[in-house]
Amino acid sequence: MMSSERKGAAMELGRCAPPWSAFQPVIPRREVTMPPRPAPASAPLPPPSHPAPASSRGRSRTPAITLATALALALALGGLATGASPSPLSAQTPPGGGEVPRQGEKPAVTGERYMVSSSHPLVNEAMVEVLENGGNAVDAMITAVFLQPVVEPHMSTIAGGTGGLIYMAATDELIYLDAELNLSRSGGAPGITSGGRVGVPGTVRGLAEAAERYGTMPWADYLAPAIRVAEEGFPMYSVLYYYLVEGRERLSAHAVSREIFLPQGVVPEVGEILRQPQLGATLRRLAQEGPDYFYTGAWAERFVESVNETGGNLTLEELDEYEVRWIEPVRFQYQGHPIVSAPPASNAGIMIGMILNILESFDLPALGHYTESPEALLLIRQAYDQAQTHISRFVGDPRSMDVPVETLLSKEYAAHLAALIDGSRQRVDLRSGEPMASAAAAPAQRPSGENDFQETDTNHLVIVDEEGNWVSMTHTVYGSTFASGLTVGGVGVNSGNGFSGVRVGEGRRVITPFPATMVLGEDGRPRVALGSPGMSSRAVAMTLINLLGYEMSLHSAIHAPRFQGYGPSDEVVAESRFSQAALDELRAWNIRYRLVGGYDQSMGSMHGVAIDPVTGVLTGVADARRTGFAAGR
15 MMSSERKGAA MELGRCAPPW SAFQPVIPRR EVTMPPRPAP ASAPLPPPSH
65 PAPASSRGRS RTPAITLATA LALALALGGL ATGASPSPLS AQTPPGGGEV
115 PRQGEKPAVT GERYMVSSSH PLVNEAMVEV LENGGNAVDA MITAVFLQPV
165 VEPHMSTIAG GTGGLIYMAA TDELIYLDAE LNLSRSGGAP GITSGGRVGV
215 PGTVRGLAEA AERYGTMPWA DYLAPAIRVA EEGFPMYSVL YYYLVEGRER
265 LSAHAVSREI FLPQGVVPEV GEILRQPQLG ATLRRLAQEG PDYFYTGAWA
315 ERFVESVNET GGNLTLEELD EYEVRWIEPV RFQYQGHPIV SAPPASNAGI
365 MIGMILNILE SFDLPALGHY TESPEALLLI RQAYDQAQTH ISRFVGDPRS
415 MDVPVETLLS KEYAAHLAAL IDGSRQRVDL RSGEPMASAA AAPAQRPSGE
465 NDFQETDTNH LVIVDEEGNW VSMTHTVYGS TFASGLTVGG VGVNSGNGFS
515 GVRVGEGRRV ITPFPATMVL GEDGRPRVAL GSPGMSSRAV AMTLINLLGY
565 EMSLHSAIHA PRFQGYGPSD EVVAESRFSQ AALDELRAWN IRYRLVGGYD
615 QSMGSMHGVA IDPVTGVLTG VADARRTGFA AGR
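Just so we're aligned: the sequence shown equals residues 15 to 647 in my numbering.
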């Protein structure tokens, strides 16, 4: 266990420049003449006929996001291009030589009142304005989850799934919101662009229940920023341009998607204004009619019809029956620090806990940092192996299978697994506690499915408000860029129906690594909140190893080099900032390695906030591996 001085070092907070002004554009800025600001595409937002939840009928706190704001903030996401004639779609190539444009390492941001971290500046601005106008962290989260799919349609959708941790200071309540996708009872036609890939979305109903429980705003106000940005538009930025070019084939397969994202057959150039009037109209109806519009109303009918016309087999009853779950998070400790994380059906919390528990049997700092020490690197890699093997066999939807959470997260079982790393012990049977010769001796409990959800197209948010409420939330489109490419009423839809899980009974949640995690203080209140899209479980685990094991600051822990590697191939995939001497030693041990970029997007993209328990100063950090921003005051 660390001393109090060392604990303080682990939570080190640095003051630095404001978040947006510090970033250099990925593409050099060029002058561009913008058209006059257009009139709104439709009438002002009507008052909702759907009554706001009793707890959220407060004064309006709608963020005033404008096109001018969007233009100014677009520079932080890749700069602007000239208004040249668009190239034919076949001639368009992603910027940066086929790699995702990056911003580079970004400074930490400090504040004393609140802090937010997300992957888009307009989303941050909306959350900040909610907090400035008296809203809480849950209000900010709901607003952000509605807005983010407008400006990052390649990463998330309100017709997808959402899951994360919510801590409410006044009641000392810490709970996990599970509004993840349900698999449809029947499959559908296979294929990347098929409606058979679409599952039952949970996001909108999850946000509605969060507003009912913890919100303070009228329902329509949560959607107002998303409506404005959809209707007025925002400048195309280089990262979105990259993903539109990458996803053009699946978007081209659907007429409505072509109309929105490939007007005149081409991707809008960087700097052009992207407007989404169909999405704006849908969001207005959702604001006016409430969440039932998405589950039993006109949009639900169009959704089911569109999915089934393109190869799906979904019913209105499946949408109507969708239930949000409120679940106790899983709990474990690392280096004396209490940690909470996502419970099943997410497999992330158990995987993160298993990795950290196994590694507590070894003195990693004594071996040196894993970027310099091949011994430390291989210990972490083998802990990955053990955890991955176990979650693949024993973690699923608890309504469809028994998940031995207590055993998987016990220190005793971790000690057995740590001993296996040096081959000195037999494997332990999770069902009986008796040793077994190999994993094959246990019957597989793996839920059926085709995919282990290692795609990168997901968003994560972290918010801390002035009252001490914390949110760490993941939401996703499920799968690769733009999912199947299908849109309904301007809303992109998920492609989660091919992911792991079962299709019978109540337990039809997809099995995903939604990684929302918090480190708690001795008083049980959050001290750090973390999360990441993509290779999220490993990214969170490695960040916690750096933060609590190697006692780095939050900024250093998030930006330290990462690696992947598990399974029989024995290959280690490492960011290029690893020590060459350590990599050479791996090769001498007949372990193959492959280098990727210094800050590679396949390694996840952490968002984190920490609080100094003595001063109360908040630090926000966004990962250099993708677009990301922290903002606070």
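We treat Cβ as the ideally placed atom computed from N, Cα and C, and that holds for glycine. None of the values given here were measured: they were computed from a predicted structure.
- Listed as beta-bridge partners of residue 545 by DSSP are 621.
- Residue 129 carries a strand assignment under DSSP once its states are collapsed to helix, strand and coil.
- By a beta-carbon distance limit of 8 Å, residue 542 contacts residue 532. Their separation comes to about 7 Å.
- Pairing residue 370 with residue 558 gives a Cβ-Cβ distance under 8 Å.
- Here the C-alpha atom of residue 476 lies approximately 10 Å from the C-alpha atom of residue 158.
- Looking at the backbone, the Cα of residue 302 and that of residue 589 are separated by about 48 Å.
- Spatial neighbours of residue 501 in its own chain (CB-CB distance under 6 Å, excluding positions within 5 residues in sequence) are listed in chain order as 270, 271.
- In this structure residue 568 is in contact with residue 624, their Cβ atoms being roughly 5 Å apart against a cut-off of 8 Å.
- Burial check for residue 629: the Cβ neighbour count within 10 Å stays below 16, so the residue is exposed.
- Cβ-Cβ separation between residue 471 and residue 493: approximately 7 Å, consistent with a contact (criterion under 8 Å).
- In this structure the region 120 to 138 touches the region 162 to 173; the number of beta carbon pairs closer than 8 Å is three or more.
- As a beta-bridge residue in DSSP terms, residue 644 pairs with 131.
- Between residue 498 and residue 200, the C-beta spacing is not below 8 Å.
- Remark: three or more beta-carbon pairs, one from each stretch, lie closer than 8 Å, so the region 176 to 193 and the region 219 to 237 are flagged as touching.
- The beta carbon of residue 299 lies closer than 6 Å to those of 307 in the same chain, with the five residues before and after it left out.
- The criterion of a C-beta distance shorter than 8 Å is satisfied by residue 250 and residue 285.
- Less than 8 Å separates the beta-carbon of residue 120 from that of residue 636.
- DSSP, reduced to helix, strand and coil, places residue 233 within a helical segment of the structure shown.
- The Cβ-Cβ distance between residue 408 and residue 167 does not fall below 8 Å.
- Around residue 217, the same chain offers 159, 171, 172, 173, 174, 175, 176, 193, 489 as residues with beta carbons nearer than 8 Å, after the five sequence neighbours per side are excluded.
- Inter-residue distance for residue 260 and residue 213 is about 23 Å (C-alpha atoms, whole angstroms).
- Exposed is the label assigned to residue 380, since fewer than 16 other Cβ atoms lie within 10 Å of its Cβ.
- Straight across, the Cα-Cα distance linking residue 435 with residue 240 is about 50 Å.
- Separation of the CB atoms of residue 423 and residue 344 is rounded to 6 Å, and the pair is thereby assigned contact status at 8 Å.
- Counting only the Cα atoms, residue 562 lies some 29 Å from residue 141.
- Between residue 281 and residue 483, the CB-CB gap reaches or exceeds 8 Å.
- By the Cβ neighbour-count rule, residue 473 is buried, with 16 or more other Cβ atoms within 10 Å of its own.
- Taken through DSSP and simplified to helix, strand or coil, residue 539 comes out as coil.
- When rounded, the separation of the alpha-carbon atoms in residue 315 and residue 184 is 40 Å.
- With respect to residue 180, residue 255 sits apart: the two C-beta atoms are not nearer than 8 Å.
- Three or more beta-carbon pairs separated by less than 8 Å link the region 588 to 603 to the region 569 to 580, which places the two stretches in contact.
- Inter-residue distance for residue 309 and residue 506 is about 16 Å (C-alpha atoms, whole angstroms).
- By the CB criterion at 8 Å, residue 386 and residue 596 fall inside the cutoff.
- Cβ-Cβ distances below 6 Å link residue 145 to 128, 154, 479 in the same chain, with the five nearest sequence neighbours on each side left out; the list follows chain order.
- Close CB contacts of residue 566 within its chain, under the 6 Å cut and outside five residues either way in sequence, are with 560 (chain order).
- Distance check between residue 338 and each of 368, 612, 178, 136 places 178 closest, using alpha-carbon atoms only.
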